[in-house]
Amino acid sequence: MWSRVSVAVVGAVLVVGLFGAPAEAAAKPSKVGLITFTGASLSGTKASLSLRWPAARNARSYELFISPSYSGVLKAKVYKRTSKTSITLAGLKRGATYFITVRGVNGSTKGARASRVGRTTIVSQGSGAHAPRSVTTWNLCTEKSGCVSGGGAWSRRQAAFQAFVKARKPSVLALQESKVLASGRPTAVPDYTRAAYYSSKSLFLDSSVYGVVTKGDTTRDEIDGTLRECREADDGRYGCFSLGGGKYAVWAEVEDLGTGQHVVYVSVHLTSGKGDAAARTRRTEVTRLVDAVAKANPDGLPVVLAGDWNSHRNRSNDWQASVLRAAGYRDAFDLARSVGRQHHNSYNDWETSPTTSVTWGDHVDKVWVVPGRSVVSRWENAAPMAGTRYAAPLVSDHNPVLVRVSLD
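Residues in the sequence shown are numbered consecutively from 0, following numbering that gives the first Met the number 0.
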């Protein structure tokens, strides 16, 4: 006779044979890599954001979290689930800032969340009726001693600058630290017209797209654009704004040769420095700038402010941005329907390996426009690349920021 112990052992063997061994725990997904925004749109009062992220190892699906708060997104409930590595979030508030993170899921096992990223939805936009034009803002770093020691003489970098202009053909070049391109020296910008120059700030126009608005009997061919003192020129609608403390901006009213539309473009370079004293100085400079632009533009023409603003959204003392927003301007980055390499800093410090800033990207070089009169189709950190690095030789310790915009 079999003992009770024997019967129990046989029963256990039968159960294991029928149902198999206990399943191993699902492999934990790796942390999701850097989230990238790929698109944005606005329809009526509702906005959308499109984003993508690298596939996480062992992840069969993903959970997305969203919040208007940087800290709150870590406490938020799952907003969306998807098996893909891209998604479009519709029905968002216009002009609202959202923070987003994503984690991979494998069964009941969940991976670490991606680093939090932020994006502001489009607040409003223009009609888009006018042909889009492109503006590139670029601090060329041509004259300071650190520019020569870091990047070499301008003669070594000039060909790379010319190659960029030839390849991208921006309608407007808003340049800072560009003294080498001043009157009396080779412009090194073939097929472009100097619209304004003073104190190392300059505006150059694609001569097939824009022309400076002239005064009296002056013809466009007679305009050199170089100002001997900081004021409005006598021969054309271009000039200089004094911002105090030896800081200036140049401006020009230009005519679109294809449509006849008039636009005011500005190139500005604000005081540098990370501390509060420098931030207060920049706030004063921007206050003077927006007041000067308003006085120089009594007809209310569309305005584009481009330059090296020496501050960015990751700084707690980015007070100048509040002045610009109060005056009706918005960073073109926040209005762009598509963006390129937004996590790469616009300041490269003469390094060909891009510096990545996660939440926003550190862009000291910006283009500001009025949202209700603009459709920004593209914002791009436009530095030429060689694989995953910036192409050498570097033109400057800043990258060009290129914006494509239709203006009303």
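In this text, a Cβ means the ideal position worked out from N, Cα and C, and glycines have one as well.
Reference residue i; option with closest CA among the options
i, options, result
"residue 373", "194, 133 and 357", "133"
"residue 205", "87, 192 and 216", "192"
"residue 208", "222, 240, 236 and 254", "254"
"residue 86", "61, 275 and 401", "61"
"residue 386", "353, 402, 404 and 375", "353"
"residue 236", "292, 310 and 96", "292"
"residue 80", "228, 143, 58 and 194", "58"
"residue 145", "363, 349, 370 and 401", "349"
"residue 27", "55, 399, 42 and 47", "55"
"residue 289", "325, 103 and 126", "325"
"residue 275", "267, 261, 318 and 265", "318"
"residue 171", "312, 331, 251 and 30", "251"
"residue 166", "407, 405, 406 and 384", "384"
"residue 240", "213, 257, 197 and 233", "197"
"residue 105", "31, 169, 231 and 115", "31"
"residue 137", "337, 406 and 363", "363"
"residue 124", "248, 328 and 393", "328"
"residue 371", "176, 404, 351 and 340", "404"
"residue 194", "107, 399, 232 and 359", "232"
"residue 312", "74, 71 and 360", "360"
"residue 333", "402, 294 and 277", "402"
"residue 416", "63, 95 and 111", "Here the chain has residues from 0 to 407 only, and residue 416 is not among them."
"residue 261", "299, 149 and 181", "299"
"residue 181", "397, 211, 169 and 249", "249"
"residue 127", "390, 389, 376 and 388", "376"
"residue 78", "222, 68 and 63", "63"
"residue 217", "277, 223, 211 and 234", "234"
In DSSP terms, what residue i is bridged to
i, result
"residue 372", "BP columns for residue 372 are empty, so no partner."
"residue 175", "138"
"residue 69", "Residue 69 pairs with nothing; no bridge assigned."
"residue 57", "DSSP output for residue 57 lists no bridge partner at all."
"residue 38", "49"
"residue 243", "246"
"residue 378", "338 and 402"
"residue 99", "65 and 116"
"residue 203", "172 and 193"
"residue 231", "238"
"residue 367", "304 and 330"
"residue 225", "196"
"residue 347", "Per DSSP, none; premise fails for residue 347."
"residue 210", "254"
"residue 80", "62"
"residue 388", "385"
"residue 74", "Answer is none; residue 74 lacks a bridge partner."
"residue 104", "60 and 109"
"residue 355", "343"
"residue 91", "46"
"residue 86", "50"
"residue 397", "346"
Beta-carbon proximity of residue i to residue j, cut-off 8 Å
i, j, result
"residue 139", "residue 356", "no"
"residue 203", "residue 174", "yes"
"residue 164", "residue 179", "no"
"residue 303", "residue 368", "yes"
"residue 65", "residue 50", "no"
"residue 316", "residue 270", "no"
"residue 93", "residue 143", "no"
"residue 100", "residue 89", "no"
"residue 407", "residue 297", "no"
"residue 84", "residue 25", "no"
"residue 331", "residue 39", "no"
"residue 141", "residue 153", "yes"
"residue 147", "residue 200", "no"
"residue 338", "residue 98", "no"
"residue 213", "residue 130", "no"
"residue 314", "residue 273", "yes"
"residue 102", "residue 358", "no"
"residue 399", "residue 155", "no"
"residue 265", "residue 320", "no"
"residue 449", "residue 42", "What is shown of the chain runs 0 to 407, which leaves residue 449 out entirely."
Short CB-CB distance (under 8 Å) between residue i and chain C
i, result
"residue 95", "Looking at the structure shown, chain C is missing, and only one protein chain is on hand."
Continuous alpha helix (DSSP H) assignments of at least 4 residues falling wholly in the segment 257 to 313: 275 to 295
Quick test of the definition: if touching needs 3 or more C-beta pairs under 8 Å, does the segment 230 to 244 touch the segment 278 to 294? yes
Check whether the segment 107 to 120 and the segment 151 to 166 are in contact - that is, three or more C-beta pairs closer than 8 Å. no
Would you check if there are 3 or more beta carbon pairs closer than 8 Å linking the segment 380 to 389 to the segment 337 to 354? yes
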